[in-house]
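One structure is given here, and the rest of the page talks about it.
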Amino acid sequence: MSPKIAPTRGNMVKFASSLKLAEKGHDLLEQKRTILLMELMGKIREAKELQHSLEAVFSEAYFSLQMAGLSLGIENVEELSYSVPETDDFTVRLHSVMGVEIPKVDPVNRPPEPCYSFLGTSGVLDGAYLHATEVLSLIARLAEVETSVYRLAVQIRRTFRRVNALEKVVIPSHRRMLAWIANVLEENDREDFTRMKMAREGLENEGGGIL
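For the sequence shown, the positions run 18 to 228 when our numbering is used.
Now the structure itself:
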């Protein structure tokens, strides 16, 4: 083993304490990884569901917009679209899952009623507006979930590396060091015992010779 480390009982206690701490850290990191994996699997399922919903709603919105274009004319629909205010006031809150900051996007605050005049329009355009609003909400929700998936995956990868380092390097090296120190101490004890025995026998022999 390393010649820099003296095989003393003090170092044995030190490495035993360090090993216990490493094993506890390993168990805690394993628990963390399990919880993060469960959270990740849930977010992946949620992302798939949102993608399916978004595809369906987007198709409906696109179809409604096409119908509005046929009914009112593309130029009129484009002109009416300018009356719809832009939405860029998303509110993103964060909550922690095992130290990972997970975003939460508040629902898009878009008025349920169209912002344009009802004169010269039709229900087809209203449907396109409502579908577009739903698409916007789903996009924001999907961005939230996909960001969560990415952050969870990054943290899981980091946790795995730490678990692997403890499991494959730190803990085995500490166990080997403890075994080496124990063997050296045991050998030293045997040598001390042998020397003491020989010394005692020598004294007994000397005493017998004097008598």
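Virtual Cβ for every residue (Gly too), placed ideally from N, Cα, C. If you're wondering where the values come from, they're calculated on a predicted model, not measured in any experiment.
Under a 10 Å Cβ-count criterion, residue 109 is classified as exposed, with fewer than 16 other Cβ atoms of the shown protein chains found around its own Cβ.
The DSSP-derived three-state label of residue 60 is helix. Assignment of residue 120 by DSSP, reduced to helix, strand and coil, places it in the strand class.
DSSP places residue 111 inside the beta strand (DSSP E), whose first and last residues are 109 to 114.
If you ignore the 5 residues before and after residue 148, its C-beta comes within less than 7 Å of the C-beta of 74, 77, 78, 81, all in its own chain and listed in chain order. Between residue 188 and residue 29, the CB-CB gap reaches or exceeds 9 Å. Under the three-state reduction of DSSP output, residue 23 falls in the coil class, being neither helix nor strand. Leaving aside the five residues that flank residue 156 on each side, the residues in its chain whose CB is nearer than 8 Å to its CB run, in chain order, 71.
When rounded, the separation of the alpha-carbon atoms in residue 173 and residue 37 is 24 Å. Considering only 67, 50, 61, 21, the residue with the shortest C-alpha distance to residue 165 is 61. Sixteen is the threshold: since fewer than 16 other Cβ atoms of the shown chains lie within 10 Å of the Cβ of residue 211, the residue is exposed.
Shortest Cα-Cα distance from residue 40 to any of 181, 201, 206 involves 181. Separation of residue 43 and residue 217 (C-alpha to C-alpha, rounded to the nearest whole angstrom) is 50 Å.
Residue 48 and residue 208 have their alpha carbons spaced roughly 46 Å apart. Secondary structure at residue 90: coil, using DSSP grouped into helix, strand and coil.
Minimum Cα-Cα distance from residue 168 among the listed residues 179, 45, 68, 115 corresponds to 115.
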